[in-house]
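A.B. asks: First residue of the sequence shown? That's 1 in this note's numbering, and the numbers climb one at a time after it. The C-beta atom is built at its ideal place from N, Cα and C for all residues, glycine as well. The structure presented is a predicted model; accordingly, all values stated were derived computationally and were not measured. This is the structure, below, for whatever I ask next.
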Amino acid sequence: MAGDVWYADTSFWAGASFVVFVGGVIATKAHKKIGDMLDERVEAIKTQIDEAKTLREEAENLLGEYQRKQRDAEKEAAEMLEHAKADAKIMLDEAKSDIKEMTARRARVAQDKIAQAEASAVKEVQKVAVDAAISAATSVLGEKLKGRSGSAIINEAIDQVGDKLH
1 MAGDVWYADT SFWAGASFVV FVGGVIATKA HKKIGDMLDE RVEAIKTQID EAKTLREEAE
61 NLLGEYQRKQ RDAEKEAAEM LEHAKADAKI MLDEAKSDIK EMTARRARVA QDKIAQAEAS
121 AVKEVQKVAV DAAISAATSV LGEKLKGRSG SAIINEAIDQ VGDKLH
């Protein structure tokens with residue numbers, strides 16, 4: 001390479017390009033702009049991380065609140081169910097009591113009707129017996145007491161018996 005000139009060497013040009021590039025960067029203060037851009041990007045990332053942390057905390061708080069509300073709702077539903085069961089038992093007991101009272105009342109009404117029917121039947125039997133007795137007495141006395149005075153006595157006796165029995 002002795003015959004080669006220095007400007008023909010690619011290593012020289014690569015080194016010279018590097019020096020010019022570094023010099024241009026330093027001269028234009030691009031390294032500060034790049035640093036500032038990187039700092040801005042770091043700050044933006046930090047802000048996003050802080051926002052993400054805040055959002056996560058809010059989400060955890062909401063999750064806790066909804067879990068508490070769910071537990072409260074489940075507890076309230078269980079209490080409502082127990083209350084409904086208690087109310088149903090009370091209503092059932094009241095219905096049983098009402099049925100017993102109604103059955104007893106109907107039994108009393110039926111017994112009263114039976115007693116009335118018995119009393120009516122006894123009166124009817126007494127009336128038939130009285131009528132039969134009067135008829136028999138009329139017939140017997142009519143045979144024994146023939147004549148006008150006998151009829152008057154019989155009619156008077158019949159009227160007295162009828163008044164006493166009715």
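1. Please report the distance separating the alpha-carbon of A137 from that of A107.
2. Report yes if the CB atom of E161 is closer than 9 Å to the CB atom of V130, and no otherwise.
3. Where does T54 sit, in a helix, a strand or coil, going by DSSP?
4. So, with DSSP's three-state summary, where would you put T138?
5. Are the CB atoms of G24 and A30 nearer to each other than 9 Å?
6. For L10, collect the residues of the same chain with a Cβ closer than 7 Å to its Cβ; drop the 5 residues on either side in sequence, then sort them by chain order.
7. With H, G and I counted as helix, E and B as strand and the rest as coil, what does DSSP make of V161?
8. Put D9 into one of helix, strand or coil per three-state DSSP.
C.D. replies: Looking at the coordinates:
1. 44 Å
2. In the sequence on display, residue 161 carries Val and not Glu. Yes. Within cutoff.
3. helix
4. helix
5. yes
6. The amino acid occupying residue 10 in the given sequence is Thr; Leu does not appear at that position. Hits under 7 Å: none found.
7. helix
8. coil
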